[in-house]
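Participant:
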Ligand code: SF4
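In this note's numbering, the protein residues as written are 2 to 211.
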């Protein structure tokens, strides 16, 4: 499993530090492929800082990139401590740090982790994916059993959907750039516009159809 990989834009380096994710999205690239851009990304192991640093150095080191992205094959905020630990070194050459996330972080950790993430990350892209909870459940198929109790209660579909909206709405206070995204081919044109309106109403700076 590659912990750092390039894909498309040569000024951008992607970091793959976990395959864990509570969603099983119908459109997830993991359904059809073990990797991207020639890099094997599927694997159960999760690196600490030292092997991650070695992987980044094999690509020339952080100075070589304009943007470094905590990405997948999974939900990177499971590795919240590593995201924080690596932040200063990744930024040392001037790269901006971006997080691609499903917005589950506060439910995963059972507390508000936005301040901690905001200190370690400059830009965030949140996969909104749906205009409402029913469509989110249909498209993203979250496995609620993967979460422990949240605030002393089990994580229900409502709690999870609300947590994605809460993440997005509070993100502008913690990150310099906040993008919400959807996957275009699984939504009707009207649904995409509903998602755009929802994202912008929640305070996202940008909306992207992937
Ligand atoms: S949230 Fe991302 S990593 Fe998780 S299943 Fe959906 S597309 Fe895949």
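Using N, Cα and C, we set each Cβ at its ideal position, and we do this for glycine too.
(1) May I have the straight-line CA-CA distance separating residue 41 from residue 34, to the nearest angstrom?
(2) Buried or exposed: which applies to residue 191, given that a residue is buried once 16 or more other Cβ atoms fall within 10 Å of its Cβ?
(3) Sorry if obvious, but does the Cβ on residue 31 come closer than 7 angstroms to a heavy atom of ligand 1?
(4) Compute the distance between the beta-carbons of residue 71 and residue 16, then report whether it is under 8 angstroms.
(5) Going by DSSP in three states, residue 194 sits in which element: helix, strand or coil?
(6) Check whether the segment 151–160 touches the segment 176–195, taking contact to mean three or more Cβ pairs, one atom from each stretch, closer than 8 angstroms.
(7) Quick one: using the 10 Å Cβ neighbour count with 16 as the cut-off for buried, is residue 9 buried or exposed?
(8) What residues in its chain sit with their C-beta under 8 angstroms from that of residue 13, if we drop five residues either side in the sequence?
(9) In the DSSP assignment, find the unbroken beta strand (DSSP E) run with residue 208 in it and report its ends.
(10) Per DSSP, what kind of secondary structure is residue 106 in: helix, strand or coil?
(11) To which residues of the same chain is residue 64 closer than 6 angstroms at the C-beta, ignoring the five residues directly before and after it?
(12) Classify residue 5 as helix, strand or coil using the three-state DSSP reduction.
(13) Going along the chain, which residues of its own chain have a beta-carbon closer than 6 angstroms to the beta-carbon of residue 31, five neighbours each way excluded?
(14) Please list, in chain order, all residues of the same chain as residue 80 whose beta carbon is under 7 angstroms from its beta carbon, the five residues on each side excluded.
(15) Of all the beta strand (DSSP E) runs that stay within the bounds of the segment 72–160, which reach a length of 3 or more residues?
Facilitator: Quick look at the numbers:
(1) About 9 angstroms.
(2) Looking at its Cβ environment, which holds fewer than 16 other Cβ atoms inside 10 Å, residue 191 is exposed.
(3) Remark: the shortest separation between the CB of residue 31 and any heavy atom of ligand 1 falls under 7 angstroms.
(4) Yes. Within cutoff.
(5) If DSSP states are grouped into helix, strand and coil, residue 194 belongs with the helices.
(6) Contact fails between the segment 151–160 and the segment 176–195, because fewer than three Cβ pairs, one in each stretch, are under 8 angstroms apart.
(7) Per the 10 Å Cβ criterion, exposed.
(8) Excluding the 5 residues flanking it on each side, residue 13 has same chain C-beta neighbours closer than 8 angstroms at 7, 66, 67, 68, 69, 70, in chain order.
(9) For residue 208, the uninterrupted beta strand (DSSP E) run begins and ends at 207–210, by DSSP.
(10) The three-state secondary structure of residue 106, taken from DSSP, is helix.
(11) Same-chain partners within the cutoff: 94.
(12) Note: residue 5 maps to strand in three-state DSSP.
(13) Same-chain partners within the cutoff: 74.
(14) Excluding positions up to five away in sequence, the list reads 18, 19, 47.
(15) Complete beta strand (DSSP E) runs here, min 3: 97–102, 124–128.
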